[in-house]
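Just below is one structure, and these are the notes that go with it.
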Amino acid sequence: MNFRKLLRRNETVLIFAIIIFSLVIGSRSPEFFTAANLFDILRSSFVQLLFALGVLIVIISGGIDVSFPIVGIFAGYTAVVIMQKFNLNEQSLLIPVVLAIVIGIILGGFNAIAIAGFGIPTLIATLGTAGIFRGLMLSFVGATFISNIPVGLDNFSTADLIKFESETGTLVRLHVLVIPVVLITIAVSYLLNRTIFGRSVYALGGGIEPTRRLGISIKRTQAKIYLLVGGLSGLAGIIYVSLQRKASPYDLAGSELDVIAAVVLGGASIMGGYGTVFGTVLGVLFINMMKNNLVLLGVSSSWQRAAVGILLVIGITIQAIGENRKSKRERLATNKDKE
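Residue numbers (the working numbering): 13 to 351.
Given below as structure tokens:
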């Protein structure tokens, strides 16, 4: 029975999907199985994974956040502008990173006020704040493309943990970001599974009234969630700026579909109350593998976004079917008890 449950888990299905997809792509292009391609997939997943970890926490709590890409680019772009305007140490990596995280937390605070303070539904609140943040950034921070980002950020884009030339002459590079991203992923997993805050997040996803009966502060938990998501988004934003070696206020907007799809495919219940970090990691890797390699199957790049949308719909549909079956079983069990 436990084995059957394991096979039904989203994580198990995703592992099989990744294996099958890899075999299909690999049969078309042997280069897919090279270390260079694997490291490229990891590099392209760093920013998305940081966003996804924040979205995972929100979805587990029963909410939805669509403002995180704007929070991320607002924080990353603004940090660069502040560095240049106030002539801060351009050799420093720590200063822009701290600035971006603080800015992200401040923006997350506005989401927290709207949701925890005024009780605005999460989707409406974050849709509204996303528009506000974008307008403020373009009106008061800047609307121009910045190519000369601080030296510390520029140098970090080429900081490799592993670097060598393959037998075919291809340069193989694994970015040093893999270490902090792995550590942050482990930290979020620990936070969700081993702390009172994590239990509060899962409880909140199960329902507001049951959570309140447990003595958990709804507003305090929601405030912590959106402050944390803001910080993660700010970090993701400045890392994106560094890896791209440029800062544009128009970047990242519209990337929420890929991130939310990755989290849902990873098994996080869109109704709240369930989700795992491991599933989210698999979802991010699968989405990036698919987007980067669909062209090898003859699929036009213009269809990549449609493919992600289809996967999101499939993921939500499977969850809905599962919830309906669960409800039917509960009703049958209730009726038997009454008899």
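Quick reminder that beta carbons are idealized off the backbone N, C-alpha and C, glycines included.
Its Cα nearest to that of Phe51, the residue His187 stands out among Val293, Gly295, His187 and Thr223.
Shortest Cα-Cα distance from Val83 to any of Gly291, Tyr262 and Ile328 involves Tyr262. Here the alpha carbon of Ile161 sits roughly 19 Å from the alpha carbon of Asp172. Taking 7 Å as the cut-off, the Cβ atoms of Phe298 and Leu26 count as close.
Selection Phe28, Phe63 and Ile333 evaluated against Ile251 yields Phe63 as nearest (Cα-Cα). Its chain contains Glu102, Ile107, Pro108, Leu111 and Pro162 as the residues whose beta carbon lies nearer than 8 Å to that of Met95, once the 5 sequence neighbours on both sides are disregarded; these appear in chain order.
For Glu177, the secondary structure class from DSSP, reduced to helix, strand or coil, is strand. Remark: three or more beta-carbon pairs, one from each stretch, lie closer than 8 Å, so the segment 65–79 and the segment 236–255 are flagged as touching.
Taking the Cα of Ile113 as reference, the smallest distance to any Cα among Ile132, Val92 and Leu100 is reached at Val92. When DSSP states are grouped into helix, strand and coil, Leu105 belongs to the coil group. Under the DSSP definition of a beta bridge, Ile158 partners with Ala259. Counting along the chain, Arg185 sits inside the beta strand (DSSP E) bounded by residues Leu183 to His187. In the structure shown, Asp77 adopts coil according to DSSP, grouped into three states. Take Val296, set aside five residues on each side of it, and the residues of its chain with a beta-carbon closer than 7 Å to its own are Ser57, Gln60, Leu61, Ala64 and Ala274, in chain order.
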